[in-house]
Amino acid sequence: MSDVLPSVELAAERVAGIRGRAGVIRFAPGQAAEDGQLVRAARAGDREAFERLYERYARMVHGLLLARFGRADVEDLVQDVFLAAWRRLDDLRDPAAFGGWLAAITRRRAADHVRRPTMVELPEHVAAAEETSALTDAGTVLRTIASLPDAYRETLVLRLVEGLTGPEIAQRTGLTAASVRVNLHRGMKLLREKLNV
Amino acid sequence: MTEHDDYLWDRSGDADPDVVRLEQLLAPLAHRGERLRDLPDRAVRRSVVRVVIPLLTAAASIALVIAGADFAARQRGAGWAVEALDGAPLVDGRRIGADGSIRAGEALETDADSRARLDVGGFGTVEIEPDTRLRIVSARDEAQRLALDRGRIHALIWAPPGRFAVSTPSATAIDLGCAYTLDVDPAGHGLVQVISGWVAFEDAGRESFIPEGAICATRRGRGPGTPRYLDAPEGYEAALATLDFGAPDDPGRAAALDLVLREARSRDALTLWHLLSRGSPDERARVYDRMAALVPPPVGVTRAAILRRDQPALDAWWNALGLDTADWWRVWKTRWGRK
Numbered sequence: 007m008s009d010v011l012p013s014v015e016l017a018a019e020r021v022a023g024i025r026g027r028a029g030v031i032r033f034a035p036g037q038a039a040e041d042g043q044l045v046r047a048a049r050a051g052d053r054e055a056f057e058r059l060y061e062r063y064a065r066m067v068h069g070l071l072l073a074r075f076g077r078a079d080v081e082d083l084v085q086d087v088f089l090a091a092w093r094r095l096d097d098l099r100d101p102a103a104f105g106g107w108l109a110a111i112t113r114r115r116a117a118d119h120v121r122r123p124t125m126v127e128l129p130e131h132v133a134a135a136e137e138t139s140a141l142t143d144a145g146t147v148l149r150t151i152a153s154l155p156d157a158y159r160e161t162l163v164l165r166l167v168e169g170l171t172g173p174e175i176a177q178r179t180g181l182t183a184a185s186v187r188v189n190l191h192r193g194m195k196l197l198r199e200k201l202n203v
Numbered sequence: 098m099t100e101h102d103d104y105l106w107d108r109s110g111d112a113d114p115d116v117v118r119l120e121q122l123l124a125p126l127a128h129r130g131e132r133l134r135d136l137p138d139r140a141v142r143r144s145v146v147r148v149v150i151p152l153l154t155a156a157a158s159i160a161l162v163i164a165g166a167d168f169a170a171r172q173r174g175a176g177w178a179v180e181a182l183d184g185a186p187l188v189d190g191r192r193i194g195a196d197g198s199i200r201a202g203e204a205l206e207t208d209a210d211s212r213a214r215l216d217v218g219g220f221g222t223v224e225i226e227p228d229t230r231l232r233i234v235s236a237r238d239e240a241q242r243l244a245l246d247r248g249r250i251h252a253l254i255w256a257p258p259g260r261f262a263v264s265t266p267s268a269t270a271i272d273l274g275c276a277y278t279l280d281v282d283p284a285g286h287g288l289v290q291v292i293s294g295w296v297a298f299e300d301a302g303r304e305s306f307i308p309e310g311a312i313c314a315t316r317r318g319r320g321p322g323t324p325r326y327l328d329a330p331e332g333y334e335a336a337l338a339t340l341d342f343g344a345p346d347d348p349g350r351a352a353a354l355d356l357v358l359r360e361a362r363s364r365d366a367l368t369l370w371h372l373l374s375r376g377s378p379d380e381r382a383r384v385y386d387r388m389a390a391l392v393p394p395p396v397g398v399t400r401a402a403i404l405r406r407d408q409p410a411l412d413a414w415w416n417a418l419g420l421d422t423a424d425w426w427r428v429w430k431t432r433w434g435r436k
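Written as structure tokens, this is what we have:
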């Protein structure tokens, strides 16, 4: 229960954003501090604290991996990344910097995974066979995004697939807001050119 | 940068049609909320650095602790009056005296035969039912914080909204000016029933808003569920439990959603509005269609915007629900929520 004490204080801070996008975990000021508290609890063996970190960052990890690999590979890789993070929590010097640290683990795990962008496994309702335009084929779009430089494809997948806003991407990945904004702008420009839209 | 870049950046400004189309096309590929698989035991590593440095810093910390003690005492507040209503409730293991008080950091416990009443610093009262453990986290005027480990409390609070909050193992109940009953079972699962006013239930970014006459469950590790009115159609409780806390592949999920949508009245838009942001894209689409039939979305709120969980669109529809105290809630959001 000890983790409840700080979280109740932070919950009050989050009241400002309490009507944020329900169902999608949205961060507010104090999030990094709460991450730190969760990390410290997880280091002591608190699985629930780590599960809360998973709930917060699963989309980010999923997006970073989806920018590189087909969906069939990504689900397992997400679990691999969090398992590695769980085992290596003691290596994290600043618990409040969990997001950036986890993003680095994700990229390293991706580098270890030899397979490169492959066919994307899609839900049946996503790509209608009779539709051929680039903007009606999720697989084509995702493969096109995956062909862009790392910085662009990561931010575009987090924004367009995972539904994070630019500020949220910056908070979770540890990048500056300015970098994320530039990456989104330039990445979208390149994507438009490649898709001819 | 253009206006369209503003939309690409944070969804503000005019929507870029290409970005909107891409969002709609790619959203089904997003993380689907799979649960984290079982974690192995992890050895807690205690390196030399982590052992020695704390020892070295401990001595320096002692001086700071002493210097800060007075400040901390002032931060905790002078404590609140507490009285026994039945039996012999305990404060940190001591029986409550004639002029009992309780301070931040202390716990109030009742057994099967005892009850107590807490005066929340002149901002309200909390009655503590039998077999309850309640801790005082902060007793400052500007932040009254309790933690309900187990049991039941009835809170009647007239403090400014947001100042009073009760943490439970599965969610935090933030008082928005109201009276409510909060239960926590031995497993840490919770239930709030609002008698008057509003309560916000929150955990790790997942929120539920419970108005007068409504009830909402929470589950440890899952956060707050979907609120429903006490007079909600038969079967709602079980169906919402399946939707909120069941596995994503629960075979009963489709039937549960069928029931919620089929039986929904206009009044149950409260429940449907919360479901607009939860569940799979297909489920949310079904919720949209049913809710639109009950309470048509205001002009400018599109199906696509709702399905991509566009916050301004969700807010606009919320405003159209006609909940009695919605305006009051909005005023509070503006006046207090930005502090």
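As they're listed, the protein sequences go chains A and B.
For the first sequence, this note's numbering assigns the number 7 to the initial residue and increments by one for each residue that follows.
For the second sequence, this note's numbering assigns the number 98 to the initial residue and increments by one for each residue that follows.
For every residue, glycine included, the Cβ atom is placed at its ideal position computed from N, Cα and C.
* Asked: Anyone know if the C-beta pair for HIS286/B and ARG317/B falls short of 9 Å?
  -> In the second sequence, counting from the first residue as 1, residue 286/B sits at position 189. In the second sequence, counting from the first residue as 1, residue 317/B sits at position 220. Against a cut-off of 9 Å, the Cβ pair of ARG317/B and HIS286/B comes out as a contact.
* Along chain A, which residues have their Cβ under 7 Å away from the Cβ of HIS128/B? -> One-based indexing of the second sequence puts residue 128/B at position 31. Per Cβ cutoff of 7 Å: ALA64, ARG65, HIS68 and GLU168.
* To do: Could you have a look at VAL117/B and say whether DSSP puts it in helix, strand or coil?
  => Along the second sequence, read from residue 1 onward, the residue named residue 117/B stands at position 20. Here DSSP, grouped into helix, strand and coil, assigns VAL117/B to helix.
* Where in the region 293-368 of chain B do unbroken runs of the alpha helix (DSSP H), each at least 4 residues long, occur, reported from the N-terminal end onward? -> 333-342 and 350-360
* To do: Please go through the same chain and pick out, in chain order, the residues whose beta-carbon is closer than 6 Å to the beta-carbon of LEU162/A, but skip the five residues on each side of it.
  => By one-based count along the first sequence, residue 162/A stands at place 156. ILE151 and GLY193.
* **Reference VAL93/A; option with closest CA among ASP135/B, VAL217/B and ASP379/B** => Counting from 1 along the first sequence, the entry for residue 93/A is found at position 87. It should be noted that the sequence gives Arg, not Val, for residue 93/A. Among ASP135/B, VAL217/B and ASP379/B, the Cα nearest to that of ARG93/A belongs to ASP135/B.
* **Under 8 Å from the C-beta of VAL147/A: neighbouring residues of chain B** => Looking up residue 147/A in the first sequence gives position 141. Near VAL147/A (Cβ distances below 8 Å), the residues of chain B are LEU119, LEU122 and LEU123.
* Asked: Looking at chain A, which residues of the region 391-408 of chain B have a Cβ within less than 8 Å of any of its Cβ atoms?
  -> ARG405, ARG406 and GLN408
* Asked: Terminal residues of the continuous beta strand (DSSP E) containing ASP135/B?
  -> Counting from 1 along the second sequence, the entry for residue 135/B is found at position 38. Taken as a continuous stretch (DSSP letters only), ASP135/B belongs to no beta strand (DSSP E), as it is neither H nor E.
* **C-beta contact flag for GLU180/B and ALA204/B at 9 Å** => As a first step, residue 180/B must be located in the second sequence, where it is residue number 83. As a first step, residue 204/B must be located in the second sequence, where it is residue number 107. Against a cut-off of 9 Å, the Cβ pair of ALA204/B and GLU180/B comes out as no contact.
* **Simplified DSSP assignment, three categories, for ARG187/A** => In the first sequence, the residue the question calls residue 187/A occupies position 181. Note: ARG187/A maps to helix in three-state DSSP.
* To do: Would you kindly work out how many angstroms separate the C-alpha atoms of THR323/B and ALA252/B, rounded to a whole number?
  => Counting from 1 along the second sequence, the entry for residue 323/B is found at position 226. Counting from 1 along the second sequence, the entry for residue 252/B is found at position 155. When rounded, the distance between both Cα atoms is 21 Å.
* Taking a Cβ distance cut-off of 7 Å, strictly less, list which residues of the region 314-337 of chain B are near chain A, in chain order. => GLY318
* Buried versus exposed, by CB contacts within 10 Å (16 or more), PRO188/B -> The residue you call residue 188/B lines up with position 91 of the second sequence. Per the sequence presented here, residue 188/B reads as Val, with Pro not at that position. Taking a 10 Å sphere around the C-beta of VAL188/B, we find 16 or more other C-beta atoms and assign the residue as buried.
* To do: Leaving aside the five residues before and after TRP107/A along the sequence, list all residues of the same chain whose C-beta is less than 7 Å from its C-beta, in chain order.
  => Here residue 107/A refers to the residue found at position 101 of the first sequence. Excluding positions up to five away in sequence, the list reads LEU98.
* List the residues of chain B whose Cβ lies closer than 7 Å to the Cβ of GLU61/A, in chain order. => Walking along the first sequence from the start, residue 61/A turns up at place 55. What GLU61/A touches in chain B: ALA301.
* To do: Specify, as a first and last residue, the run of the alpha helix (DSSP H) that VAL84/A falls within.
  => As a first step, residue 84/A is located in the first sequence; it is residue number 78 there, counting from the start. Segment 77-93, the alpha helix (DSSP H) holding VAL84/A.
* Asked: Secondary structure at LEU196/A, three-state DSSP: helix, strand or coil?
  -> To locate residue 196/A, count along the first sequence from 1; it is residue 190. Three-state result, LEU196/A: helix.
* Residue-chain proximity (GLU131/B, chain A), Cβ-Cβ < 9 Å -> For this step, residue 131/B is matched to residue 34 along the second sequence. Yes - at least one Cβ of chain A is within 9 Å of the one on GLU131/B.
* Taking C-alpha atoms, which residue in LEU190/A, TYR158/A and ARG149/A lies nearest to PHE75/A? -> The count along the first sequence starts at 1 and reaches residue 75/A at position 69. Residue ARG149/A is the option with its Cα nearest to PHE75/A.
* To do: List the residues of chain B that GLY76/A touches, going by C-beta distances under 7 Å, in chain order.
  => Here residue 76/A refers to the residue found at position 70 of the first sequence. Here the premise fails: no neighbours, minimum Cβ distance about 10 Å.
* Would you verify that the beta carbon of ASP107/B is, or is not, closer than 9 Å to some beta carbon of chain A? => The residue given as residue 107/B occupies position 10 in the second sequence. Closer than 9 Å to some Cβ of chain A, the Cβ of ASP107/B qualifies, so yes.
* To do: Pull up the CB-CB distance for HIS472/B and SER293/B, whole angstroms please, since I reckon it's below 8 Å.
  => Coverage of chain B is limited to positions 98 through 436, which leaves residue 472/B absent and any answer about it impossible.
* To do: Below 8 Å on the Cβ atoms is my guess for THR265/B versus THR315/B; work out the distance and round it to an integer in Å.
  => One-based indexing of the second sequence puts residue 265/B at position 168. One-based indexing of the second sequence puts residue 315/B at position 218. Their Cβ separation, rounded to whole angstroms, is 7 Å, which keeps THR265/B and THR315/B in contact under 8 Å.
* Asked: At what residues does the alpha helix (DSSP H) containing ASP100/A begin and finish?
  -> On the first sequence, position 94 is the one that residue 100/A refers to. Neither: ASP100/A is in no alpha helix (DSSP H) and is coded neither H nor E.
* To do: Run the CB neighbour count on ARG204/A, radius 10 Å, all protein chains shown included, and call it buried at 16 or more, exposed below.
  => The structure shown does not extend to residue 204/A, since chain A spans only 7 to 203, so no value can be given for it.
* **Spatial neighbours of ARG178/A in its chain, beta-carbon cut-off 6 Å, leaving aside the 5 residues before and after** => As a working note, residue 178/A is residue 172 in the first sequence. Answer for ARG178/A: MET66 and GLY105, listed in chain order.
* Using a Cβ-Cβ cut-off of less than 8 Å, give me the residues of the region 165-193 of chain A that come near chain B, in sequence order. => ARG165, LEU166, VAL167, GLU168, GLY169, THR171, GLY172, PRO173, ARG187, LEU190 and HIS191
* Spatial neighbours of SER198/B in its chain, beta-carbon cut-off 7 Å, leaving aside the 5 residues before and after -> In the second sequence, counting from the first residue as 1, residue 198/B sits at position 101. Closer than 7 Å at the Cβ level, and outside the excluded window around SER198/B, lie GLY176, TRP177, ALA178 and VAL179.
* Residue-level contact to chain B via CB, LEU196/A, 9 Å cutoff -> Taking the first sequence and counting its residues from 1, one reaches residue 196/A at position 190. Not an interface residue.
* To do: Taking only the alpha-carbon atoms, compute the straight-line gap between GLU224/B and PRO308/B and give it to the nearest angstrom.
  => Locating residue 224/B in the second sequence gives position 127, counting from the first residue. Locating residue 308/B in the second sequence gives position 211, counting from the first residue. Approximately 21 Å between the Cα atoms of the pair.
* Below 7 Å CB to CB, which residues in the same chain sit around ARG350/B once its five sequence neighbours on both sides are set aside? => As a working note, residue 350/B is residue 253 in the second sequence. Cβ neighbours of ARG350/B beyond the five flanking positions: THR339, LEU340 and GLY343.
* **Same chain only: Cβ atoms within 8 Å of ARG335/B, ignoring 5 sequence neighbours per side** => Looking up residue 335/B in the second sequence gives position 238. Looking at the sequence shown, residue 335/B is not Arg but Ala. Excluding residues within five positions, the ones whose Cβ falls inside 8 Å are ALA353.
* Taking the continuous beta strand (DSSP E) assigned at ILE151/A, which residues delimit it? -> Walking along the first sequence from the start, residue 151/A turns up at place 145. Element bounds for ILE151/A: not the beta strand (DSSP E) but the alpha helix (DSSP H), 144-152.
* Quickly, what does DSSP pair ILE225/B with across the bridge? List them, please. => Within the second sequence, the letter at position 128 stands for residue 225/B. According to DSSP, which records beta bridges pairwise, ILE225/B is partnered with ALA213/B and ILE250/B.
* To do: List the residues of chain A whose Cβ lies closer than 7 Å to the Cβ of ASP189/B, in chain order.
  => Within the second sequence, the letter at position 92 stands for residue 189/B. Going along chain A, no residue has its Cβ under 7 Å from ASP189/B, so there is no contact; the nearest lies around 15 Å.
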